[in-house]
Amino acid sequence: MQEMWKTFFSSGSFIPHGHCYLWHTPLVWLHVASDSIIALAYFSIPITLVYFISKREDLPFDWIFALFGAFIVACGITHLFELWTLWHPTYWLSGTMKAITALISFATAILLVDLMPQALALPSPAQLESANRLLEAEIVERQLAEAALQKAKEELEIRVEERTAELQSQTQHLAFANRLLAAEIVERQLAEAALQKAKEELEMRVEERTAELQFQTQQLEQALSELKQAQSNLIHSEKMSSLGQLVAGIAHEINNPINFIYGNITHTRQYANSLLELVNLYQEQYPNPLPIVQEKINSVDLYFISSDLPKILTSMKNGAERIFGIVKSLRIFSRHDEAEMKVADIHEGIDSTLMISQSRLNAKPGLSSIQVIKEYGNLPKIECYPGQLNQVFMNIIANAIDALEDDSHSESIAANEANPSIIKIATKLLDSEVVEIRISNNGPEIKEAAMKQLFNPFFTTKPVGKGMGLGLSIGYQIITVRHQGELQCISAPGKGAEFIIKIPIRLQ
10 MQEMWKTFFS SGSFIPHGHC YLWHTPLVWL HVASDSIIAL AYFSIPITLV YFISKREDLP
70 FDWIFALFGA FIVACGITHL FELWTLWHPT YWLSGTMKAI TALISFATAI LLVDLMPQAL
130 ALPSPAQLES ANRLLEAEIV ERQLAEAALQ KAKEELEIRV EERTAELQSQ TQHLAFANRL
190 LAAEIVERQL AEAALQKAKE ELEMRVEERT AELQFQTQQL EQALSELKQA QSNLIHSEKM
250 SSLGQLVAGI AHEINNPINF IYGNITHTRQ YANSLLELVN LYQEQYPNPL PIVQEKINSV
310 DLYFISSDLP KILTSMKNGA ERIFGIVKSL RIFSRHDEAE MKVADIHEGI DSTLMISQSR
370 LNAKPGLSSI QVIKEYGNLP KIECYPGQLN QVFMNIIANA IDALEDDSHS ESIAANEANP
430 SIIKIATKLL DSEVVEIRIS NNGPEIKEAA MKQLFNPFFT TKPVGKGMGL GLSIGYQIIT
490 VRHQGELQCI SAPGKGAEFI IKIPIRLQ
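Its first residue numbered 10, the sequence shown is counted upward by one per residue in our numbering.
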């Protein structure tokens, strides 16, 4: 790089330009004088352009003059290099300066072509003169209008003075009438003051009486609300108590025979296996039985009995286990012996509720089955009223099933298969003190008007005879009052409804 710059500024093996002129003195001085005068002229022109731009600030495109100035200065420098190369052959430096001049001149030419439409759009002297004539005519019209306006103003002032004199005369007559009217007004003001005082006393008495009536009305409304709440609690408590006793009684009555069946199936299976082993042993020892024995074997289909009897006993055992599980779920759900607060497993209560509701979750004619998705978290046992919590779970799940069934009735079979009904139950531990249970479904949304009254007593959207409007109201009381928790419902179009229960692990 350093060598390149040295070559750029050095003369190298070139000879000065003066050798081309054979150092002929008149010819050399002719070129010196010409280039010097041209350079001086080029340098003076930009000074004149700068002065012109500084005096004419209204120029629309003063930048083109600056560009012309740069171009002319570059041309002047090239002529100075013409003088320099007469004695110093630094042609690389001179050529570079010419290249810079060429770039500036080329850019100026291109921008000048682009600027030409704007320059042609400037108004000509004739157009400016025509505009001045129109402006002068408008000024004359405005002067005539101002003269006419001044004359009208003077006439108006004369009329105002005449009218003012008339009004002063009338004012004197009115002043006397006003004095008479003032005396009458004073009398009326005294009468109005007395009337206002009586009115204020009456309004005060009315306000006091109204306040008393409002206080009494509030007391009556509060008493009525408490009475309705107590009535709904009593009805629901009696209903759930009777239902719990009935369920507990049925579970107890079924439990004994099913225990008998379940306990004896194992022995029956052992006896049957022993008899089948005996028959097989007999057939091995006596492969050719008597004709009467062979006929009996064929008539009872001994081979089919040998293979089907263990399957029947296995099916009976599975059925007995199923009934045993249902009975256990009924006892857990009823909690007839657990009305007081105790430590319980939330998941056990939810599973028992789902077991009881299994018949409604299965497929029915014209309706597809309802899928239940359980996402249980790792929850500890909590202090609660288990029977009452199971009532809350049952009410919410039953309402979800009702909503999904109504939505399935309104849809076609293909639509139900494409969008199956789902109930999702998720539990998790929010922190070390609060448990959250979410029960959601993908049925229809709950309207905003119904959301505002969802937990009010006796409010229901179901047909007459299908619901009393007490389930969610009682459930809200059980969660918020009995368990010191929270119960809320959220719903959005296309996302069904979701009930969120939050209860503390330990009750205060």
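Cβ atoms here follow ideal geometry from the backbone N, Cα and C, with glycine treated the same way.
_Once DSSP output is grouped into helix, strand and coil, what is the label at Pro-374?_
coil
*Taking Ala-288 as the reference, which of Ile-306, Ile-301 and His-276 has the closest Cα?*
Looking at the sequence shown, residue 288 is not Ala but Val. It is Ile-306.
*State the Cα-Cα distance for the pair Gln-159 and Ile-56, rounded to the nearest angstrom.*
55 Å
*Three-state class that DSSP yields for Ile-382 in the structure shown*: strand
*Counting Cβ pairs, one atom from each stretch, are 3 or more of them under 8 Å apart for the segment 485-498 and the segment 375-386?*
no
_Leu-479 versus Ile-321, Ile-499, Gln-400 and Ile-455, residue with shortest Cα-Cα distance_ = Gln-400
_Euclidean distance between Cα positions of Arg-197 and Glu-216_ = 28 Å
*State the beta-bridge partners of Pro-513 as determined by DSSP.*
BP columns for Pro-513 point to Val-443.
*Alpha-carbon spacing of Ala-329 relative to Ile-267, whole angstroms*: 7 Å
*Output the boundary residues of the alpha helix (DSSP H) element that contains Ser-308.*
300-309
*What are the boundary residues of the beta strand (DSSP E) that includes Ala-353?*
351-353
*What distance in whole Å lies between the Cβ atoms of Ile-434 and Ile-455, which are believed to be in contact at a cut-off of 8 Å?*
Wrong, their Cβ atoms sit about 18 Å apart, outside the cutoff.
_Three-way DSSP call (helix, strand, coil) for Gln-497 in this model_ = strand
_For the structure I just gave you, are there three or more beta carbon pairs, one from the segment 360-376 and one from the segment 401-409, closer than 8 Å?_
yes
_Looking at Gly-505: is its Cβ nearer than 8 Å to the Cβ of Leu-496?_
no
*Tell me, please, which residues DSSP counts as bridged to Ala-146.*
Partner(s): none; Ala-146 has no beta bridge.
*Which one or two residues does DSSP pair with Ala-506 in a beta bridge?*
Asn-450 and Ser-500
_As a quick exercise: from Asp-411, Leu-376 and Glu-392, pick the residue whose alpha carbon is nearest that of Asn-428._
Leu-376
*Where do the ends of the beta strand (DSSP E) carrying Lys-433 lie?*
Its beta strand (DSSP E) spans residues 431-438.
*Got a sec? Which residues, its chain only, sit under 8 Å from Phe-508 by beta carbon, not counting five neighbours each side?*
Scanning its chain for C-beta atoms nearer than 8 Å, with the 5 sequence neighbours on each side dropped, one finds around Phe-508 the residues Ile-405, Arg-447, Ile-448, Ser-449, Leu-496, Gln-497 and Cys-498, in chain order.
*asked:* Assuming Ile-391 is part of the beta strand (DSSP E), what are its boundary residues?
replied: 391-393
*Counting only beta-carbon atoms, is Gly-328 nearer than 8 Å to chain C?*
Reference to chain C is not applicable here, since this structure consists of a single protein chain.
*Can the beta-carbon of Leu-318 be found closer than 8 Å to that of Ala-281?*
A contact, by the Cβ cut-off of 8 Å.
_Does Ala-48 pass the burial test, meaning 16 or more other C-beta atoms within 10 Å, or should it be called exposed?_
buried
*Helix, strand or coil at Phe-468 [DSSP, three-state]*: coil
*If you run the structure through DSSP and keep just helix, strand and coil, what is Asn-297?*
coil
*Using the Cα positions of Pro-98 and Ala-135, report the straight-line distance between them to the nearest angstrom.*
Cα-Cα distance, rounded: 56 Å.
*What is the rounded straight-line gap between the Cα of Ile-510 and the Cα of Ile-332?*
Their Cα atoms are separated by approximately 31 Å.
*Considering only residues of the same chain and omitting the five flanking positions on each side of Val-41, which have a CB-CB separation below 8 Å?*
Leu-92 and Leu-95
*Roughly how many angstroms lie between the CA atoms of Arg-214 and Phe-224, to the nearest whole one?*
16 Å
*Going by beta carbon distance, what residues of the same chain come within less than 6 Å of Ile-113, once the five residues before and after it are set aside?*
Ala-79, Phe-80 and Ala-83
*List the endpoints of the continuous alpha helix (DSSP H) containing Ile-483.*
480-486
_Whole angstroms are fine: how far does the CA of Pro-453 sit from the CA of His-345?_
Its pLDDT being 44, under 50, His-345 is placed unreliably by the model, and the measurement read from it follows with that caveat. Whole-angstrom Cα-Cα distance: 35 Å.
*asked:* For a quick check, are the C-beta atoms of Gly-358 and Pro-395 less than 8 Å apart?
replied: Yes, the Cβ-Cβ distance between Gly-358 and Pro-395 is below 8 Å.
*According to DSSP, is Trp-38 helix, strand or coil?*
helix
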